[in-house]
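The structure appears below as structure tokens.
There are 2 protein chains.
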Amino acid sequence: MRCEVVAIGTELLLGQIVDTNSSWIGEQLALIGIDSLFQVKVGDNAKRMEDTIRHGLSRSDAVICCGGLGPTQDDITREVIAKIMGVKVVRDEEIVSRIRYMFEARGREMPKNNLRQADIPEGASIIEEMPGTAPGLICPVDKKVIYAVPGVPYEMQEMMRGTILNDLQKRSGQSAVIRSRVIRTWGHSESGLAEDLANHMSELDNTGTATLAFQASGVEGIKVRVTAKANNEKEAEKVLIEEEKIIRDILGDIIFGTDDETMERVVLDILQKNKMTLSAAEYLTGGILATRMTALDAKMVTFRGSLVGAHDKEYLKIPGEKRAAAAAQSARANFKTSVGIAALAPEENEDYPPGTVFLAISMQGVRKSKAITLPGARSRLRSYSVISLLDYLRKTLLYEM
Amino acid sequence: MRCEVVAIGTELLLGQIVDTNSSWIGEQLALIGIDSLFQVKVGDNAKRMEDTIRHGLSRSDAVICCGGLGPTQDDITREVIAKIMGVKVVRDEEIVSRIRYMFEARGREMPKNNLRQADIPEGASIIEEMPGTAPGLICPVDKKVIYAVPGVPYEMQEMMRGTILNDLQKRSGQSAVIRSRVIRTWGHSESGLAEDLANHMSELDNTGTATLAFQASGVEGIKVRVTAKANNEKEAEKVLIEEEKIIRDILGDIIFGTDDETMERVVLDILQKNKMTLSAAEYLTGGILATRMTALDAKMVTFRGSLVGAHDKEYLKIPGEKRAAAAAQSARANFKTSVGIAALAPEENEDYPPGTVFLAISMQGVRKSKAITLPGARSRLRSYSVISLLDYLRKTLLYEM
Numbered sequence: 007m008r009c010e011v012v013a014i015g016t017e018l019l020l021g022q023i024v025d026t027n028s029s030w031i032g033e034q035l036a037l038i039g040i041d042s043l044f045q046v047k048v049g050d051n052a053k054r055m056e057d058t059i060r061h062g063l064s065r066s067d068a069v070i071c072c073g074g075l076g077p078t079q080d081d082i083t084r085e086v087i088a089k090i091m092g093v094k095v096v097r098d099e100e101i102v103s104r105i106r107y108m109f110e111a112r113g114r115e116m117p118k119n120n121l122r123q124a125d126i127p128e129g130a131s132i133i134e135e136m137p138g139t140a141p142g143l144i145c146p147v148d149k150k151v152i153y154a155v156p157g158v159p160y161e162m163q164e165m166m167r168g169t170i171l172n173d174l175q176k177r178s179g180q181s182a183v184i185r186s187r188v189i190r191t192w193g194h195s196e197s198g199l200a201e202d203l204a205n206h207m208s209e210l211d212n213t214g215t216a217t218l219a220f221q222a223s224g225v226e227g228i229k230v231r232v233t234a235k236a237n238n239e240k241e242a243e244k245v246l247i248e249e250e251k252i253i254r255d256i257l258g259d260i261i262f263g264t265d266d267e268t269m270e271r272v273v274l275d276i277l278q279k280n281k282m283t284l285s286a287a288e289y290l291t292g293g294i295l296a297t298r299m300t301a302l303d304a305k306m307v308t309f310r311g312s313l314v315g316a317h318d319k320e321y322l323k324i325p326g327e328k329r330a331a332a333a334a335q336s337a338r339a340n341f342k343t344s345v346g347i348a349a350l351a352p353e354e355n356e357d358y359p360p361g362t363v364f365l366a367i368s369m370q371g372v373r374k375s376k377a378i379t380l381p382g383a384r385s386r387l388r389s390y391s392v393i394s395l396l397d398y399l400r401k402t403l404l405y406e407m
Numbered sequence: 007m008r009c010e011v012v013a014i015g016t017e018l019l020l021g022q023i024v025d026t027n028s029s030w031i032g033e034q035l036a037l038i039g040i041d042s043l044f045q046v047k048v049g050d051n052a053k054r055m056e057d058t059i060r061h062g063l064s065r066s067d068a069v070i071c072c073g074g075l076g077p078t079q080d081d082i083t084r085e086v087i088a089k090i091m092g093v094k095v096v097r098d099e100e101i102v103s104r105i106r107y108m109f110e111a112r113g114r115e116m117p118k119n120n121l122r123q124a125d126i127p128e129g130a131s132i133i134e135e136m137p138g139t140a141p142g143l144i145c146p147v148d149k150k151v152i153y154a155v156p157g158v159p160y161e162m163q164e165m166m167r168g169t170i171l172n173d174l175q176k177r178s179g180q181s182a183v184i185r186s187r188v189i190r191t192w193g194h195s196e197s198g199l200a201e202d203l204a205n206h207m208s209e210l211d212n213t214g215t216a217t218l219a220f221q222a223s224g225v226e227g228i229k230v231r232v233t234a235k236a237n238n239e240k241e242a243e244k245v246l247i248e249e250e251k252i253i254r255d256i257l258g259d260i261i262f263g264t265d266d267e268t269m270e271r272v273v274l275d276i277l278q279k280n281k282m283t284l285s286a287a288e289y290l291t292g293g294i295l296a297t298r299m300t301a302l303d304a305k306m307v308t309f310r311g312s313l314v315g316a317h318d319k320e321y322l323k324i325p326g327e328k329r330a331a332a333a334a335q336s337a338r339a340n341f342k343t344s345v346g347i348a349a350l351a352p353e354e355n356e357d358y359p360p361g362t363v364f365l366a367i368s369m370q371g372v373r374k375s376k377a378i379t380l381p382g383a384r385s386r387l388r389s390y391s392v393i394s395l396l397d398y399l400r401k402t403l404l405y406e407m
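Note that the protein sequences, when read in sequence, are chains G and V. Everything in the first sequence is counted per the numbering used here, starting at 7 for the first residue and increasing by one. Everything in the second sequence is counted per the numbering used here, starting at 7 for the first residue and increasing by one.
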């Protein structure tokens with residue numbers, strides 16, 4: 007089965023927004039074994055949109071249209087699809103009342119334009135995710151189908167996950183499943199990983215049970231993606247489990263997580279499991295660590311706080327690495343947490359190689375610090391410092407607790 | 007003149023790499039007044055590449071192909087273009103010796119595959135930028151033209167800037183320049199802005215001096231892009247200045263900046279101009295504000311610090327909005343700054359509508375706070391709180407200082 011993606015919006019062609027939607031959709035389609043052989047960007051122009059969608063339908067079984075569902079006059083996806091279906095658009099009163107309710111709940115008047123979002127091509131069905139915004143559409147055209155989703159990534163993804171991917175898989179009638187697992191590493195180069203895994207990859211070339219691919223993800227580390235194609239979910243899962251075991255044996259503790267497990271997720275999990283709390287001194291990292299931790303722990307149950315900036319200047323006189331240790335201890339004391347961590351840079355009068363960062367941990371029975379050197383400009387150095395500090399804490403919690 | 011972009015590579019369709027090249031090219035083309043009405047991604051497949059490029063040539067005057075010029079077997083752009091031109095590829099000995107030299111200079115042996123990069127369709131000319139790598143190509147097809155550039159962004163951009171944009175402008179025979187300006191707003195809905203500007207937009211439809219487009223950018227607010235087409239740089243600039251003035255008159259102080267001026271940039275500029283310093287209490291915003299401010303002010307000269315988490319629990323007993331005021335004052339006192347700001351959420355035992363956020367500012371002669379309601383899940387609510395708080399500070403600095 008083939009599914010084409012049409013990203014709609016003049017701003018995409020003008021480079022004002024990068025089209026990340028079709029990449030994301032392409033990835034999801036690949037995971038359920040559906041080919042996406044063409045992805046097209048087209049502007050908000052009725053004729054060119056119509057031509058592009060028709061052309062897509064002529065060579066694919068399904069077309070996903072992203073964007074052009076908003077309330078303004080240049081949002082014309084609904085009308086163009088209706089024309090291709092050979093039907094009219096009709097106003098759906100239930101959607102009207104949902105949109106009206108959304109505005110009322112915020113105490114705002116609904117601009118009249120917003121009613122356009124309740125216009126639906128006759129014969130189309132509505133995607134139920136994200137009620138109150140522009141609804142997504144499933145529009146049958148003979149034996150093929152056009153889907154319409156908003157260009158807002160979050161809304162589009164909800165509709166893809168909740169409805170469209172299932173609908174596509176049902177239509178495709180195919181049973182082969184493709185599953186993949188991402189193994190996340192920190193601390194090795196891509197070529198180093200490739201060398202370590204070279205023998206195993208040649209084995210896989212022969213057996214064909216799975217494929218491995220590397221993906222350098224900057225401050226998120228380097229990902230090894232294992233992809234297995236099998237007759238059913240269970241077999242695919244079995245291959246992934248076996249592969250993960252083999253790769254863990256080869257790479258060891260540079261693996262910090264799998265799939266969506268970020269470094270901060272992994273560290274938070276270890277802390278929660280041990281009923282520990284964490285705080286940080288962020289004189290170098292400027293709040294990045296807190297932002298990441300509180301994104302997962304919004305109520306700050308485990309991550310209790312962070313001090314950004316030199317609130318307490320006492321220990322700024324302490325030299326080098328020891329200053330980081332003092333800062334970690336101070337955070338721990340101020341926030342009354344079981345663990346305090348800190349990342350600091352050398353002061354201007356201290357003589358260290360460029361990219362030097364001091365990392366420190368303070369917890370029951372452990373007071374440690376180290377100096378590392380990181381590549382890159384200050385903005386990346388700050389982010390690299392955050393993940394390095396969390397990885398330092400991860401290994402400390404694993405081995406010294 | 008119309009120029010289509012074809013991004014080549016299966017990894018683009020699979021979402022392993024996001025195609026940023028065609029966005030960049032689209033932006034450059036717009037700036038020299040060339041329309042890019044379609045941009046297509048296609049995999050490394052000869053038949054589909056050929057169809058896509060031919061289709062592009064049928065509706066545009068030029069096609070720029072990005073990618074597929076590398077040394078491996080799946081890099082087949084050269085061969086596909088030769089087929090469309092109806093010619094053979096021939097090995098260019100000068101390029102062979104350049105590539106050989108590049109390897110020798112690095113003390114490495116040249117893999118035989120790399121010779122493929124010296125294969126050129128007969129009748130094509132070579133783009134001289136980036137010698138020693140895969141050369142870019144200019145391939146005439148009747149009165150139209152296909153360009154081929156590498157997928158590596160830096161190499162592609164060098165070739166675009168050095169050769170292709172000039173070549174296209176020469177072919178187009180036109181001298182018109184297109185310039186645009188982004189006007190950034192916070193506090194109004196997209197449809198609200200559209201209504202406010204509706205009259206002026208109809209005027210522009212008649213005069214044709216400029217066009218306006220809206221772009222909702224989530225927590226960055228809504229952007230109004232003004233685009234002017236004129237005979238020369240100076241005239242275009244004049245139109246932009248006039249348009250900015252008109253739009254400022256209509257929209258007033260919901261405009262916080264233009265082009266790359268983010269809200270944090272604007273607030274920092276006002277503070278710096280007045281030699282003021284800033285600190286924050288981030289119990290709700292979890293370090294997001296500090297992350298944004300320190301990204302611009304890494305040495306923390308103006309933004310002195312942020313307290314993430316309830317370090318000081320004293321005033322957690324103070325009810326509602328007043329708690330935010332106390333937190334702002336406490337940040338100001340602790341960090342000894344001229345301004346302290348805070349965003350807080352209601353405590354669980356307080357009765358406020360969902361999405362309520364308290365904002366507060368403490369500075370010389372000003373102690374103020376307000377309650378607002380924001381849409382969205384907690385992660386977005388935090389980001390919306392940051393920009394709302396900064397906008398509150400911006401207006402306070404503008405009017406009460």
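Heads up, the beta-carbon is just placed ideally off N, CA and C, and yes, glycines get one too.
Interface flag, G/F220 vs chain V, CB-CB below 8 Å:
no
For V/L365 and chain G, any beta-carbon pair shorter than 8 Å?
With its beta carbon at least 8 Å from every one in chain G, V/L365 lies outside the interface.
Identity of the residues DSSP links to V/K240 by a beta bridge:
In DSSP, V/K240 forms no bridge with anything.
Return yes when the Cβ of G/E128 is within less than 8 Å of the Cβ of G/V93, no when it is not.
yes
Suppose contacts are defined by Cβ-Cβ distances below 8 Å. Is G/M269 in contact with G/L396 by that definition?
yes
Using a Cβ-Cβ distance cut-off of 8 Å, determine whether V/G371 contacts chain G.
no
Report yes if the CB atom of G/R167 is closer than 8 Å to the CB atom of G/G292, and no otherwise.
no
Below 7 Å CB to CB, which residues in the same chain sit around G/M165 once its five sequence neighbours on both sides are set aside?
I133, E135, M136, G142, V155
Members of the segment 378-392 of chain V near chain G, C-beta cut-off 8 Å
T379, P381, R384, S385, R388
Among residues of its own chain, excluding the 5 on either side of G/L18, which ones have a beta-carbon nearer than 6 Å to its beta-carbon?
D25, K47
What does DSSP give as the partner residue(s) for G/G62 in the beta ladder?
For G/G62, no pairing in a beta bridge is given by DSSP.
Using only alpha-carbon positions, find the residue among G/K244, G/S312, G/I261 that is nearest to G/L284.
G/S312
Name the residues in the segment 14-30 of chain V whose C-beta lies less than 8 Å from a C-beta of chain G; which are they?
L18, L19, L20, G21, Q22, I23, V24, D25, T26, S28, S29, W30
Report the option in G/I261, G/Y160, G/M282 whose CA atom is closest to the CA atom of G/W30.
G/Y160
Can we say the segment 71-83 of chain G touches the segment 62-82 of chain V, given the rule of at least three CB pairs closer than 8 Å?
Inter-segment contact for the segment 71-83 of chain G and the segment 62-82 of chain V is absent: fewer than three beta-carbon pairs are separated by less than 8 Å.
Straight-line Cα distance separating V/Y153 from V/R8:
Rounded to the nearest angstrom, the two C-alpha atoms are 13 Å apart.
May I have the straight-line CA-CA distance separating V/Q22 from V/V95, to the nearest angstrom?
Cα-Cα distance, rounded: 31 Å.
Alpha carbon to alpha carbon, how far is G/I38 from G/L403?
38 Å
Spatial neighbours of V/T379 within its chain, please: C-beta separation below 6 Å, excluding the five flanking residues on both sides.
P359, G361, T362
Name the residue from V/T215, V/G224, V/T83 whose alpha carbon lies nearest to the alpha carbon of V/A236.
V/T215
Taking all protein chains shown into account, do 16 or more other C-beta atoms lie within 10 angstroms of the C-beta of V/V372, making it buried, or fewer, making it exposed?
exposed
With 9 Å as the C-beta to C-beta threshold (strictly closer), list the residues of the segment 226-260 of chain V near chain G in chain order.
Against chain G - using a Cβ distance shorter than 9 Å - the residues of the segment 226-260 of chain V are K229, R231, T233.
If we ignore side chains and look at the alpha-carbon of each, how far apart do V/Q45 and G/V102 end up?
35 Å
Since I believe G/I189 is in contact with G/V225 (beta carbons under 8 Å), could you give me their beta-carbon distance rounded to a whole number of angstroms?
Between G/I189 and G/V225 the Cβ distance is about 17 Å, and since that is not below 8 Å, they are no contact.
Reduced DSSP category for G/G168 - H, G, I as helix; E, B as strand; rest coil:
helix
Nearest neighbour of G/G263, chosen from G/S28, G/I393, G/G62 [CA to CA]:
G/I393
Assuming V/S336 and V/Y321 make a contact with CB atoms under 8 Å, what is their CB distance in whole Å?
7 Å
Between which two residues does the beta strand (DSSP E) harbouring G/L218 extend?
For G/L218, the enclosing beta strand (DSSP E) covers residues 217-222.
Beta strand (DSSP E) containing V/E10: first to last residue?
9-14
Mind checking which residues open and close the beta strand (DSSP E) that includes V/V372?
372-379
Please list the partners that G/L43 has in chain V, where partner means a Cβ-to-Cβ separation under 8 Å.
L19, V48, G49, N51, R54
Mapping the DSSP letters down to three states, classify V/Y289 as helix, strand or coil.
coil
Checking the sheet assignment: what are the DSSP bridge partners for V/F364?
Answer is V/L350, V/A377.
Which of helix, strand or coil DSSP assigns to V/K323
helix
Identify each residue in the segment 107-128 of chain G for which the Cβ-Cβ distance to at least one residue of chain V is less than 8 Å, and report them in chain order.
Here the close residues are R112, G113, R114, P117, N119, N120.
Determine the closest residue to G/A130 out of G/E100, G/E249, G/A140, G/R84, with distance taken between C-alpha atoms.
G/R84
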